[in-house]
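Peer 1: Handing you this structure, nothing more for now.
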Amino acid sequence: MKQTYSPIIFLTSATETSAFLAVDVALSTPQRTGMCELIMTSENIFSEVFQRLDEKEFSDRLFIFHWVGDSNDSTFIEQLIRRLSMMPNLACLILEDIKVPPSATIAHLLPITIAVSKNQDKEDDNIFSSHFYEQLAQNNSIKEAYNYASRKLPNTPSTLFVKPSEEHTLDFTLLETKKVEAAPKTPEQQKIERFKKIIAQKARFSAYSKPELLLSKEETKLFEEYKFELAPLSDIENQLYIRSLKKINQKKRQQRYLYRAIFFLTFFLVLAGLGFWAQYQEYERQDEAHKTQTRQQQANFLTYLGDNMQKENATKAIRLIEKAVREYPTHLAQGSLYSHFYSPNLYYSAQIPIKNENQDLKSNENINYAVSSDAQWLAYFENDNKKGNHKRKNAIFISSLQGDVIKKIEKEVEIEKIIFSNNVPYRLAVGFANGKVEILDVYGKSLLEMQVHNDTISGLSFSKDDTKIISAADTTALIWTTAGEVLDTISGNRSKILRMQFSPNQRTLFTEAKDSVIAVWEGSNLLSTFEGTKAKWLSDKYLVLKQYSKDENQKKKNRRQTESLVNSDSLKWVVWDVSTNEIKKELQNPKQVLSQDSASFWVIDEKNILKRYYFESDSITLWQRNVAYFAMYKGSNLIKTNKKWVIISEDGLCTIRFADGSQSTTKLESLPIKTPYFTQDGSYLVIQTLEDITFWRAASPQMRFNDKLQGEKWLAQNAAINQNKIKSRDVQLIYYSGNIYRLTDQKENAKAEFAADKVFLHPSQDYVLTIKNAVISLDKFDKTNLAEKDKPFRITNAFTKKPNYTNAGFSKKGSFVWAVTQNNELQLIDLKGNVFHTQKVKPNTETTSSFDDRYLALAQKVTGGLKPYKILHLDTKQSYELDTRLERSNISSFFFSPSQQGQPYLVSASGSWTDFWDLKGRRMKALKGGNPIYGKEMILTSSYGNFYIATLDVNKVYHQKMENLQKATLSPDKNYIVLHFSDSLQIWKTSPFGIIQWLEENKIYQLSTQEQKQLLLR
1 MKQTYSPIIF
11 LTSATETSAF
21 LAVDVALSTP
31 QRTGMCELIM
41 TSENIFSEVF
51 QRLDEKEFSD
61 RLFIFHWVGD
71 SNDSTFIEQL
81 IRRLSMMPNL
91 ACLILEDIKV
101 PPSATIAHLL
111 PITIAVSKNQ
121 DKEDDNIFSS
131 HFYEQLAQNN
141 SIKEAYNYAS
151 RKLPNTPSTL
161 FVKPSEEHTL
171 DFTLLETKKV
181 EAAPKTPEQQ
191 KIERFKKIIA
201 QKARFSAYSK
211 PELLLSKEET
221 KLFEEYKFEL
231 APLSDIENQL
241 YIRSLKKINQ
251 KKRQQRYLYR
261 AIFFLTFFLV
271 LAGLGFWAQY
281 QEYERQDEAH
291 KTQTRQQQAN
301 FLTYLGDNMQ
311 KENATKAIRL
321 IEKAVREYPT
331 HLAQGSLYSH
341 FYSPNLYYSA
351 QIPIKNENQD
361 LKSNENINYA
371 VSSDAQWLAY
381 FENDNKKGNH
391 KRKNAIFISS
401 LQGDVIKKIE
411 KEVEIEKIIF
421 SNNVPYRLAV
431 GFANGKVEIL
441 DVYGKSLLEM
451 QVHNDTISGL
461 SFSKDDTKII
471 SAADTTALIW
481 TTAGEVLDTI
491 SGNRSKILRM
501 QFSPNQRTLF
511 TEAKDSVIAV
521 WEGSNLLSTF
531 EGTKAKWLSD
541 KYLVLKQYSK
551 DENQKKKNRR
561 QTESLVNSDS
571 LKWVVWDVST
581 NEIKKELQNP
591 KQVLSQDSAS
601 FWVIDEKNIL
611 KRYYFESDSI
621 TLWQRNVAYF
631 AMYKGSNLIK
641 TNKKWVIISE
651 DGLCTIRFAD
661 GSQSTTKLES
671 LPIKTPYFTQ
681 DGSYLVIQTL
691 EDITFWRAAS
701 PQMRFNDKLQ
711 GEKWLAQNAA
721 INQNKIKSRD
731 VQLIYYSGNI
741 YRLTDQKENA
751 KAEFAADKVF
761 LHPSQDYVLT
771 IKNAVISLDK
781 FDKTNLAEKD
791 KPFRITNAFT
801 KKPNYTNAGF
811 SKKGSFVWAV
821 TQNNELQLID
831 LKGNVFHTQK
841 VKPNTETTSS
851 FDDRYLALAQ
861 KVTGGLKPYK
871 ILHLDTKQSY
881 ELDTRLERSN
891 ISSFFFSPSQ
901 QGQPYLVSAS
911 GSWTDFWDLK
921 GRRMKALKGG
931 NPIYGKEMIL
941 TSSYGNFYIA
951 TLDVNKVYHQ
961 KMENLQKATL
971 SPDKNYIVLH
981 FSDSLQIWKT
991 SPFGIIQWLE
1001 ENKIYQLSTQ
1011 EQKQLLLR
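Just so you know, we're using our numbering here: the sequence shown kicks off at 1 and counts up by one.
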C-alpha cells in the first residue's frame, strides 16, 4: 500500500505574533495524531515565501495557506493568490490582519479565500486563528470553522470568498481532505534525511563537547542549500547552525586578515626586492662601467708602452698593442695597431738564449747548438765538466721555436758535435768524444748508432740530399750512408781535421785541418790541396778561403803562433779554382764572402761596400754602401720569385728586401753577430749573437704587384681559396646583344632569354624583373634542371604592371619591388603584385634600401651626381627629410650601412667626404675620403693620394698618405686592403683582428706573463 502524507497548514507572518501560539495549541491534537502538519515561519522576505512554494512536495501537500500581517501591498496579495492558484490541493487561503481585502475577481482564483481585518479585541487569545483552528481540530468543516470564528469576533470584519466551481471545498475537514500519495524518496531526499540526523546528533552533543562540536563548512553549505527541506528544526539545531556560521565567518575573517597580511608582506618584499634589484642593476652598471673604463685605461696604457717601445723592440711593441686590442679595442689601440703593422717593421718569432762559453762568432768551432732546416727546432748540448764526478750527466736539449724545452736526452759520454739534417727537419746527428755517432729524432728515438772512430769526433756534416754523412776524428774522415754503410775513408791529413763540407753537386768535398791545409777529395781520392783557413764553397768548382804567404808559413813554429795567424783578419782571401788548382780572384780583407750562382758571388769589402764579383771576368757591380752583413734566399725550386735579401748596416739597421719591392726593417740590439742566413724554406732569418739566437720572420704583410693583372689574378685566387666565405651564385644574368639578356649557369649555358630595356636578377636568384616599353614584369623561374645543360628554366609570370614606368628594381633583401612612374610616383610592390605603398617623389629619383628592407632612401639624380633628400620607414610609413644645410656636391653613391649594433646609417659619399645620417635625416658623422667600403671590423675610405680607416662606429683611427694612390678597396673576402696605383697594386692585411690573425699564423713572438709584468713595471 502506498504511503500518504498528512496535509500541511502553513502559517507565516512578518513577525512572530500571538497567532503562532494560538494555532499551535489549537492543532496540538491533530499534529500528534498525524492528521496534519503545521509549519510556522516568520519570513519577511517575499522571495523566500515563493521559493518555498516552488518545492514540489510542499506544494502537493499544502492544504491551508495562512498569512498574518499588516500589509497594504495589494500587488503582493495579488501575486500570492496567483501563485497559490497553481497549488493542486490547496483548499483555503486565510489573510489575517489585513486592511484591504483582495478583490473578488482575484479571490475567486482560489477555492476559498478568507480575508480578516485587524483584530479589534484587546485580548491576545481572542483572535480569529484560535477559534478557526479549534473547530478544525474537532473535525468540523472549513465553513463551520469560519462561521464559528466570525460569531466569536463580531467586531472584527471578515469576508469569505468561494469560487463558484469549488463550493464543495467548504465541506472539507482535516480528515476528509484529499490525501497525497507519498512518492518514492529520491537520492537527494535520502541525503537530506541523513543530513538531518547528523544535525540532530551534533545539536544534541554540541553543548557538552570540548572543543565545541559544530557543522563543517561543507555541512553549512548543505544546510543553506536545503534550508526549507530541513524545516521544521528545533531551536538547538538552529543555534548549532548559527554558531557554526559564526565560526566559519570568524575563520574567513581570520583568513582574510592573514591573506591581507601575507599580501602586504609580499607586496612589501616585492617592492623591497625591486628596490634591491634596481640598486643591484645600478651597481652592476656602475661596476661594468668601471671595468670598461679600467680596461680602456689599461688598453691605452699598453698602447702607450707599445708606442714608446717601437724603436727599441718592434716585436714586443706590437704584441703589447695586440694585447691592448684584445683587452678592449679602443680607438687609440686600434689606430696604434694599424700604425705599427703598416710600418715596414720586421718581427721575430723566437729569441732563445745560448749557453756556450767557448763560442767565437768568427769561427764555427766549438758550436754547441744546431737549428733545423725549417727553423722549428733548436738542439743544443751541455756537458758536465766537473772533475771527480763519476756519475756526471751530459744532455741534449730539444727546444721549440717558442723556447720551450720539448725533450731532454741524457748521455753518459761527452758530446762534441750536433747537426740537423738538411731535408728532414726532425732528424739530427750527434758526435761523441769516444768516436761514436748517433742519428736520432727530436723526440729522442735512436735511428742509428755507430762506432765510426776511435777518437773524439771533430767534424760532422750531412750531404745536401741527406744520403751521406761525413765524420772526422783526428786525421781521418769517413763517408758513410745513413744506413751505416761506410763508402770511403779519407786519410792522409797530417793534422786534426776541424771542418769538412760537400760541394753543391755532392761529388767532391773539402777538409780543413788544424795545420791550415785544405784538401779537396772525390771519395777517398785527393784532388788538390791549398794552405789556408775558413774555406767554403762558392760553386761546384770554386772555394773561397783565407790564404797565407810562404814567408808567413815558414814562421809557424808552434801551435800558439798558428792559432794567432788563424784568428788574424789582416790576411788575404782568395777564390781558388779546385779544377785547375789556380787562384781565380784575390780579395783584400773582405768582411764577408757569399755565393750567388755559378757565375758570380757577393763580397763586403773592408769599407763595408757590398759588391758583386764575377768568376770569369773582372767586372764588379756596386750594390750598396754601409753594409756590415748580407744574406740572401734564392727562392725554392717551385717559386723562383720568392727571393729575398737581408742587409745589415754598421749601426745595426737590418733590412729585408722582398722580390716584389716591399721591405721590412728593424734595429738590432747588439752587434757583432754571426753571419746571418735564411732557413731552407726562406721563412726565417736566423741572426746569432754571443748571448742568443733570434729567428726573424721573413714575411711581409704587404704585397706589391708591378703588374696589375698579376695582382688581380692573385686576388681572384685568394677569393677562390676563401670561397666558403663568399656566397656563390648558381645563375648569372649577362648581356647578350641588342636588348637581349640571358640567364646562364656558372658554365654560361643559356637557361632563359629576356628581351627588355632593363633586366634585374633577384638577390635570391629566383626572380627576374624586366622593364620593356614602360611596362614592368616579374617572372619566377624554376631551377630544378639547373644541372642539365640543354634544358631551359621553366618561367612563370608573377605579375605585370602596365602604367608608364621609368625605373624599377629589387630591394636589397628582395622582399619587394620599387618602381617609379612617369608621373613621379614611387610604388612599392610585393612579389605577388600588390602595391602596398605609393608616394610622390622628385624627378629622376634613385632609391636604395637597408639590408633588412625596413628603410628606403631616396636621392635625386642631378648634374654632377646625386642629391639624397628623404628616408622612408616602411614599418610606419613615415618619411623624414634629410638635413641638407651642409650640402656636398658630386655625391657618387648612397647606401645603408650593415646593421652592426642598433639601427643602420645612411651613407652618402662624394670624392673627398663620406657622410653618415641617422634614420631621421640628421647628419651624425663625417669621414674624410670617398668610396666608402665596410669591412669586417672597419670602414675604408679613400681619395687621391690618401686612404683612411675608421671603426664601425665611425671614428677615424688611421690615415696614410701615399703618392700616386688612386683609390683603396677591399678584396672580395674583406681580408685585404687593395691600393690601386696608376701602374701597380699593393695588397695589405686588414682589420685589427685580421692583423692579430696574421701575427698568430706567422708565429710572431708572444710575450710571456712574466715579460708583460716586467714591461708594465718599467
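Built from N, CA and C at the ideal position, the CB exists for glycine as well.
Taking the beta strand (DSSP E) that R295 belongs to, which residues open and close that run?
Peer 2: As a first step, residue 295 must be located in the sequence shown, where it is residue number 295. R295 -> not in any beta strand (DSSP E); alpha helix (DSSP H) instead, spanning D235 to M309.
Peer 1: Quick one: Cα of L622 to Cα of K747, how far?
Peer 2: Reading the sequence shown from its first residue, position 622 is the one you call residue 622. Reading the sequence shown from its first residue, position 747 is the one you call residue 747. When rounded, the distance between both Cα atoms is 54 Å.
Peer 1: Considering only residues of the segment 17-81, which uninterrupted alpha helix (DSSP H) runs meet the minimum length of 4 residues and lie entirely inside it, listed in chain order?
Peer 2: Whole alpha helix (DSSP H) segments, 4+ residues: 18-26, 28-33, 46-53 and 56-61.
Peer 1: Quick one: give me the first and last residue of the beta strand (DSSP E) that T12 is part of.
Peer 2: Working through the sequence shown from its first residue, we reach residue 12 at position 12. It spans I8 to S13 - the beta strand (DSSP E) in which T12 sits, taken as one unbroken run.
Peer 1: When you compare the CB positions of E606 and K585, do they come within less than 8 Å of one another, or not?
Peer 2: One-based indexing of the sequence shown puts residue 606 at position 606. One-based indexing of the sequence shown puts residue 585 at position 585. Cβ distance not < 8 Å, so E606 and K585 don't count as in contact.
Peer 1: Within the chosen definition, does the segment 703-718 reach the segment 447-465 through at least 3 CB pairs nearer than 8 Å?
Peer 2: Contact between the segment 703-718 and the segment 447-465 is absent, because fewer than three Cβ pairs lie under 8 Å.
Peer 1: With DSSP as the reference, label P164 as helix, strand or coil.
Peer 2: Taking the sequence shown and counting its residues from 1, the one referred to as residue 164 is at position 164. Reduced to three states, the DSSP call for P164 is helix.
Peer 1: Check each candidate in S59, I497, T969 and L866 and name the one with the smallest Cα separation from N946.
Peer 2: Locating residue 946 in the sequence shown gives position 946, where the first residue counts as 1. It is T969.
Peer 1: Which term fits A599, buried or exposed, when burial requires 16 or more other beta carbons within 10 angstroms of its beta carbon?
Peer 2: Along the sequence shown, read from residue 1 onward, the residue named residue 599 stands at position 599. With fewer than 16 Cβ atoms within 10 Å of its Cβ, A599 is classed as exposed.
Peer 1: Based on the DSSP secondary-structure assignment, which residues constitute the bridge partners of S943?
Peer 2: For the purposes of this step, residue 943 is identified with residue 943 of the sequence shown, where counting begins at 1. According to DSSP, which records beta bridges pairwise, S943 is partnered with N946.
Peer 1: I need the straight-line Cα distance from T33 to F58, nearest angstrom please.
Peer 2: What you label residue 33 is simply residue 33 of the sequence shown in a count that begins at 1. What you label residue 58 is simply residue 58 of the sequence shown in a count that begins at 1. Computed Cα separation, rounded: 20 Å.
Peer 1: If you follow the alpha helix (DSSP H) that Y146 is in, where does it begin and where does it stop?
Peer 2: For this step, residue 146 is matched to residue 146 along the sequence shown. Element bounds for Y146: I142 to K152.
Peer 1: By the DSSP assignment, the alpha helix (DSSP H) with A91 in it spans what residues?
Peer 2: For this step, residue 91 is matched to residue 91 along the sequence shown. Here A91 belongs to no alpha helix (DSSP H), and DSSP marks it neither H nor E.
Peer 1: How is H453 classed by DSSP in three states: helix, strand or coil?
Peer 2: For the purposes of this step, residue 453 is taken as residue 453 along the sequence shown, with counting starting at 1. Reduced to three states, the DSSP call for H453 is coil.
Peer 1: For F799, which option in A808, S815 and D830 has the closest C-alpha, if you only look at C-alpha atoms?
Peer 2: Position 799 of the sequence shown holds residue 799. Cα-wise, what sits closest to F799 is D830.
Peer 1: Within its chain, find whatever has a CB closer than 6 Å to the CB of Q827; leave out the 5 residues flanking it on each side and keep chain order.
Peer 2: As a position in the sequence shown, residue 827 is number 827, starting the count at 1. Counting only Cβ-Cβ distances below 6 Å, and skipping sequence neighbours, we find A819, V835 and T838.
Peer 1: May I ask you to report which of helix, strand or coil DSSP gives T675?
Peer 2: To locate residue 675, count along the sequence shown from 1; it is residue 675. Of the three classes helix, strand and coil, the one that applies to T675 here is coil, per DSSP.
Peer 1: Excluding the 5 residues flanking K634 on each side, which residues of the same chain have their C-beta closer than 7 Å to its C-beta?
Peer 2: The residue given as residue 634 occupies position 634 in the sequence shown. Here the set comprises K643.
Peer 1: Span of the alpha helix (DSSP H) holding I996?
Peer 2: Walking along the sequence shown from the start, residue 996 turns up at place 996. From DSSP, the alpha helix (DSSP H) with I996 extends over P992 to E1001.
Peer 1: Leaving out five residues on either side along the sequence, give the residues of the same chain with a beta carbon under 6 Å from the beta carbon of K925.
Peer 2: Taking the sequence shown and counting its residues from 1, one reaches residue 925 at position 925. Contacts found: F916 and V954.
Peer 1: Pick out the complete alpha helix (DSSP H) segments inside the segment 313-339, 4 residues or longer, and give them in chain order.
Peer 2: Qualifying alpha helix (DSSP H) stretches, in chain order: 314-327.
Peer 1: Give the C-beta separation of P202 and L240 to the nearest angstrom, bearing in mind that I take them to be a contact with Cβ-Cβ under 8 Å.
Peer 2: Within the sequence shown, residue 202 is the residue found at index 202, counting from 1. Within the sequence shown, residue 240 is the residue found at index 240, counting from 1. Sequence inspection shows Lys at residue 202; the Pro mentioned does not correspond to that position. At roughly 6 Å, the Cβ-Cβ gap stays under 8 Å, so K202 and L240 are in contact.
Peer 1: Can you give the Cα-Cα distance for M86 and S234, rounded to whole angstroms?
Peer 2: Sequence index remark: in the sequence shown, residue 86 carries index 86 (1-based). Sequence index remark: in the sequence shown, residue 234 carries index 234 (1-based). C-alpha separation (whole angstroms): 31 Å.
Peer 1: L230 by DSSP, collapsed to three states: which one?
Peer 2: Numbered from 1 along the sequence shown, position 230 holds the residue referred to as residue 230. Looking at L230 - three-state DSSP - the assignment turns out to be helix.
Peer 1: Going by Cα to Cα distance, which pick from D782, K758 and A317 is closest to S764?
Peer 2: Looking up residue 764 in the sequence shown gives position 764. Nearest of D782, K758 and A317 to S764, Cα basis: D782.
Peer 1: Hey, I949 and Y338 are a contact pair by Cβ (cut 8 Å); roughly how many whole angstroms apart?
Peer 2: Reading the sequence shown from its first residue, position 949 is the one you call residue 949. Reading the sequence shown from its first residue, position 338 is the one you call residue 338. Rounded, the Cβ-Cβ distance is 6 Å, consistent with contact.
Peer 1: DSSP three-state label for K713, please.
Peer 2: Position 713 of the sequence shown, counted from the first residue, corresponds to residue 713. DSSP places K713 in helix when its eight states are reduced to three.
Peer 1: If you run the structure through DSSP and keep just helix, strand and coil, what is T533?
Peer 2: Walking along the sequence shown from the start, residue 533 turns up at place 533. In the structure shown, T533 sits in a strand (DSSP, three-state: E or B).
Peer 1: By DSSP, does P187 sit in helix, in strand, or in coil?
Peer 2: As a working note, residue 187 is residue 187 in the sequence shown. Here P187 sits in helix by DSSP.
Peer 1: Between the segment 859-870 and the segment 882-897, can you find at least three pairs of beta-carbon atoms closer than 8 Å?
Peer 2: At 8 Å Cβ cutoff, the stretches touch.
Peer 1: Using the C-alpha atoms, what's the distance from N964 back to S982?
Peer 2: What you label residue 982 is simply residue 982 of the sequence shown in a count that begins at 1. What you label residue 964 is simply residue 964 of the sequence shown in a count that begins at 1. Their backbone Cα atoms lie some 7 Å apart in a straight line.
Peer 1: Is it true that the CB of L526 sits closer than 8 Å to the CB of G492?
Peer 2: Walking along the sequence shown from the start, residue 492 turns up at place 492. Walking along the sequence shown from the start, residue 526 turns up at place 526. In this structure, L526 lies closer than 8 Å to G492 by Cβ.
Peer 1: Can you name the residues that DSSP bridges to Q827?
Peer 2: By 1-based counting over the sequence shown, the position of residue 827 is 827. In the DSSP output, where bridge partners are listed per residue, Q827 has A819 and T838.
Peer 1: Can you name, in chain order, every residue of its own chain whose Cβ lies under 7 Å from the Cβ of L1017, other than the five neighbours on each side?
Peer 2: The count along the sequence shown starts at 1 and reaches residue 1017 at position 1017. Nothing listed; no residue qualifies.
Peer 1: Pick helix, strand or coil for Y342, following the three-state DSSP scheme.
Peer 2: In the sequence shown, residue 342 corresponds to position 342, counting from 1. Reduced to three states, the DSSP call for Y342 is helix.
Peer 1: What are the start and end residues of the beta strand (DSSP E) that includes I112?
Peer 2: Mapped onto the sequence shown, residue 112 falls at position 112. Taken as a continuous stretch (DSSP letters only), the beta strand (DSSP E) holding I112 covers I112 to V116.
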